[in-house]
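Data first, discussion second: the structure below is written as C-alpha cells.
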Amino acid sequence: MDEQARIMQALGGVSLAGHSIQGGMALPPPHGHDGIDDGRKQDIGDILHQIMTITDQSLDEAQAKKHGLNCHRMKPALFSVLCEIKEKTGLSIRGAQEEDPPDPQLMRLDNMLLAEGVSGPEKGGGSAAAAAAAAASGGASDNSIEHSDYRAKLTQIRQIYHTELEKYEQACNEFTTHVMNLLREQSRTRPISPKEIERMVGIIHRKFSSIQMQLKQSTCEAVMILRSRFLDARRKRRNFSKQATEILNEYFYSHLSNPYPSEEAKEELAKKCSITVSQGVGSTITVSQVSNWFGNKRIRYKKNIGKFQEEANLYAAKTAVTAAHAVAAAVQNSQTNSPTTPNSGFQMKDEEFQLDSAESKNTLLTNMFTGSSGSFNLPNSGDMFLSMQSLNGDSYQGAQVGANVQSQVDTLRHVISQTAGYSEALGGNTMYSPHGLNANVGWHDTTTPSAVISPTEGPGSVHSDTSN
DNA sequence: AGCTATGATTAGAC
DNA sequence: GTCTAATCATAGCT
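Taking the numbering used here, the leading residue of the first sequence gets 19, the next gets one more, and so forth.
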C-alpha cells in the first residue's frame with residue numbers, strides 16, 4: 019500500500035520528470051510540446067489505476083484487463099519506468115551484494131577434497147592419501163589389505179560425492195532455467211528487467227552453492243572418519259604368529275649380548291617372519307614391526323629378566339643344539355681336513371644332544387667346557403669370555419662352518435651363565451650373575467667386553483649390527 | 001569382568 | 001635417524 023502510493027507518486031510526479039515518459043517511450047507526438055498535456059496525464063492515471071486495482075478484480079476480469087494493458091501502446095514505456103523505479107527503490111538490491119569473494123571455508127573444503135583425491139582427477143585418487151596416512155602412522159606402508167580397503171571406501175565416497183554434486187548441479191540448472199522462464203514470462207506483466215533476472219540467477223546459484231558446501235563438508239567429514247578408522251585399524255594390535263615370535267625370539271636370545279639387529283637383519287627377519295606367516299594366517303610383518311618388537315623386547319627383558327628366564331633358557335637351549343651341531347660338524351670337518359690335528363677334546367656326536375630338557379642340555383654344555391661332569395664352579399665372567407674366545411679361536415677358526423658363530427657363542431655363553439647362576443645361588447636366585455648381567459643386559463654399556471663380539475658370522479646368519 | 005601379554009605410539013635424549 | 005621408557009589399547013586367557 020505504501021509501495022503503491024510511492025509508485026503512484028513517482029509516476030505521477032517528480033520521478034516522471036526525470037524519466038520523461040515521452041522520452042522513454044518516444045511515443046505520441048511530443049513534437050513541439052515541452053510537457054505532457056492534461057489528457058495524456060489522465061490517460062496514464064487511468065492506466066495506473068487499472069494496474070493497481072487489477073488484483074482486486076476477478077481472475078477473468080483481470081485476465082482481460084491484463085491483456086488490454088499488455089497491448090497498450092504505453093506499456094513498454096511504463097515497464098521501463100517501473101523497472102527503473104524498482105531499481106532505485108532498492109527492492110531488488112536485497113541479496114545482490116557485490117560479487118562475493120571466494121569463501122575461505124569453501125576453499126579449505128575444496129583443497130581438502132582435492133588432497134584426499136575425492137575431487138580432482140580420477141586416477142590415483144586416494145592411494146596417495148592412503149600412503150600418506152600409512153606413512154603418518156609409523157612408516158609401515160605395505161599393509162595391502164587395509165590399504166585397498168581404504169581405497170575402496172574412498173572411491174565409494176568419491177562416487178557418492180560426484181553423483182550428488184552432479185545432481186545438485188542439474189537441479190540448480192533446472193531450477194535456474196525454470197525461474198528464468200518464469201521471470202521472463204512475468205516480465206510481461208511485472209517490472210522485471212533482464213538485470214534483475216540475472217541477479218536472481220546469481221541468488222539461486224549462491225543458494226545452491228551453499229548446499230554444495232554442505233555436501234562438501236559432509237564428504238570431508240566422511241573422509242576424515244574413514245581416515246581415522248584406517249589409522250585406528252593400523253593401531254589395532256594383532257598378535258604375531260607363533261612362528262614369527264619364535265624367529266624373533268631366537269634372534270633375540272642368540273644375540274643377547276647385542277640385540278640390535280641392523281637394518282638388513284631386520285629386513286631379513288621381517289621377510290622370514292612373513293614367509294612363515296603367509297603359510298598360516300595373518301598379515302605380513304614389516305621392518306618397523308620388527309623394530310617395535312625388538313624395542314619392546316629389550317625394554318621388557320631388561321625390566322624383568324627373571325620373568326624371561328625360562329624363555330631365555332628355552333631359546334638358548336634350542337639354539338645351543340644348533341650350535342653344538344655346528345661345532346660337531348666343524349670338529350669333524352677339521353678332523354677330516356687335517357687328520358694330524360690333535361683331538362681338541364670336543365668329541366661330540368649327535369646322539370649326545372638328543373636330550374629333552376633344557377636343563378640337561380645346560381649341564382651337558384657346562385660339562386663340555388669344564389671337562390667335568392661334577393659341579394661347575396664358574397670362573398669369573400672374564401675367564402668365561404676368555405674360554406669362549408679360545409673356543410672360538412681354537413675350534414672355529416679355519417673350519418668352514420656355515421653357522422652363525424656369534425649367535426652360537428652368545429647362546430653357549432648364556433647357557434653357561436645360567437648354569438653358573440644356578441650353582442652360585444643354589445638354585446634360589448635365577449638371575450644372572452652380576453657379571454653376566456652386565457655383559458648381557460648392559461647393552462649400551464661401553465664396558466661390555468668387546469671380546470664378546472665375535473667378528474665372524476656365517477653366511478647363513480642374519481647379520482647383526484655390532485656397531486651398537 | 002579382570003587380568004596379563006603384547007604390538008603400537010609417543011616424548012625426549014642422543 | 002635410532003634408542004629408551006612410559007604409555008595406550010587391544011588380544012586372549014581365566
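From the three backbone atoms N, C-alpha and C, an ideal C-beta is built for every residue, glycine too.
With three or more beta-carbon pairs closer than 8 Å as the criterion, would you say the stretch 235-244 touches the stretch 271-288?
No: the two stretches stay apart, fewer than three of their Cβ pairs being nearer than 8 Å.
In the DSSP assignment, the alpha helix (DSSP H) including residue 128 goes from what residue to what residue?
Counted as a single uninterrupted DSSP element, the alpha helix (DSSP H) harbouring residue 128 occupies residues 122-133.
Which value, in whole angstroms, describes the spacing of the CA atoms of residue 337 and residue 324?
Here the alpha carbons of residue 324 and residue 337 stand approximately 20 Å from one another.
State buried or exposed for residue 218, treating a residue as buried only when at least 16 other CB atoms are found within 10 Å of its CB.
Flag for residue 218 reads buried.
Tell me, to the nearest whole angstrom, how far the beta carbon of residue 172 is from that of residue 138; I am working on the premise that it is less than 8 Å.
Contact flag wrong, Cβ pair sits at about 13 Å.
Residue 411, buried or exposed, once every other Cβ within 10 Å from all chains shown has been counted against 16:
Its pLDDT being 33, under 50, residue 411 is placed unreliably in this model, and the value from its coordinates should be taken loosely. Per the 10 Å Cβ criterion, exposed.
Are three or more beta carbon pairs between the stretch 251-271 and the stretch 311-328 nearer than 8 Å?
With a cut-off of 8 Å on Cβ pairs, the stretch 251-271 is in contact with the stretch 311-328, counting three or more such pairs.
Buried or exposed: residue 176, going by 16 or more other Cβ atoms within 10 Å of its Cβ?
Counting C-beta atoms within 10 angstroms of its own C-beta, residue 176 has 16 or more neighbours from the protein chains shown and is therefore classed as buried.
CB contact flag (residue 186, residue 222, <8 Å)
Cβ distance not < 8 Å, so residue 186 and residue 222 don't count as in contact.
When the Cα of residue 326 is compared with those of 233, 270, 339 and 130, which residue comes out closest?
Among 233, 270, 339 and 130, the Cα nearest to that of residue 326 is on 270.
Would you kindly work out how many angstroms separate the C-alpha atoms of residue 333 and residue 340, rounded to a whole number?
Just so you know, the alpha carbons of residue 333 and residue 340 end up roughly 11 Å apart.
C-alpha distance - residue 88 paired with residue 201, whole-angstrom precision:
So the alpha carbons of these two residues sit roughly 16 Å apart.
Measure the alpha-carbon distance for residue 406 versus residue 343 and round it to whole angstroms.
Residue confidence for residue 406 is low, a pLDDT of 37 falling below 50, so the modelled location carries little weight and cannot support an answer.
Take residue 121 and list the residues in its own chain whose beta-carbon comes closer than 7 Å to its own, dropping the five residues that flank it on each side.
Closer than 7 Å at Cβ, skipping near neighbours: no residue.
Please determine, among 100, 275 and 67, the residue with the shortest C-alpha to C-alpha distance to residue 330.
Per the Cα distances, 275.
Measure the CB-CB distance between residue 277 and residue 316 and report whether it falls below 8 Å.
Yes, the Cβ-Cβ distance between residue 277 and residue 316 is below 8 Å.
Rounded to whole angstroms, what is the Cα-Cα separation between residue 273 and residue 132?
Straight-line spacing of the CA atoms in residue 273 and residue 132 works out to 49 Å.
Does DSSP classify residue 345 as helix, strand or coil?
Here residue 345 sits in helix by DSSP.
Helix, strand or coil for residue 86, going by three-state DSSP, please let me know.
Residue 86: helix per DSSP, three-state reduction.
If you compare alpha carbons, which of 305, 303 and 206 is closest to residue 100?
Comparing Cα positions, the closest option is 206.
Find out if the Cβ-Cβ distance for the pair residue 242, residue 127 is shorter than 8 Å.
Between residue 242 and residue 127, the C-beta gap is not smaller than 8 Å, which leaves the two residues out of contact.
Distance check for residue 199 and residue 68, CA to CA, integer angstroms please.
Each residue's Cα considered, the two are about 26 Å apart.
Run through DSSP, which three-state label would residue 309 get?
Helix at residue 309.
Is the beta carbon of residue 293 closer than 8 Å to that of residue 258?
Cβ distance not < 8 Å, so residue 258 and residue 293 don't count as in contact.
Ignore the nearest five residues each way along the sequence and tell me which others in residue 319's own chain have a CB closer than 6 Å to its CB.
Cβ within range, chain order: 326.
Applying the 10 Å Cβ sphere with the 16-neighbour rule, what's the burial state of residue 244?
With 16 or more neighbouring CB atoms inside 10 Å of its own CB, residue 244 falls in the buried class.
If I measure Cβ to Cβ from residue 409 and keep anything under 6 Å in the same chain, skipping five residues before and after, which residues do I get?
With a pLDDT of only 35 at residue 409, under the threshold of 50, the placement of this residue in the model should not be trusted, and no figure is reported.
Leaving out the 5 sequence neighbours to the left and right, which residues in its chain are closer than 8 Å to residue 65 when beta-carbon positions are compared?
Around residue 65: 87, 90, 92 and 96.
Assign residue 183 to one of three DSSP states: helix, strand, or coil.
Helix, per DSSP.
Coarse secondary structure for residue 255, derived from DSSP in three states:
Per DSSP, reduced to three states, the secondary structure at residue 255 is coil, with no helix or strand assignment.
Near residue 226, what residues of its chain come up, given a Cβ to Cβ distance below 7 Å and the 5 sequence neighbours on each side ignored?
The beta carbon of residue 226 sits closer than 7 Å to the beta carbons of 186 and 190 from its chain, once the five residues preceding and following it are set aside; these are given in chain order.
Simplified DSSP assignment, three categories, for residue 273:
Collapsing the DSSP output to three states places residue 273 in coil.
Endpoints, alpha helix (DSSP H) assigned at residue 98:
For residue 98, the enclosing alpha helix (DSSP H) starts and ends at 93-107.
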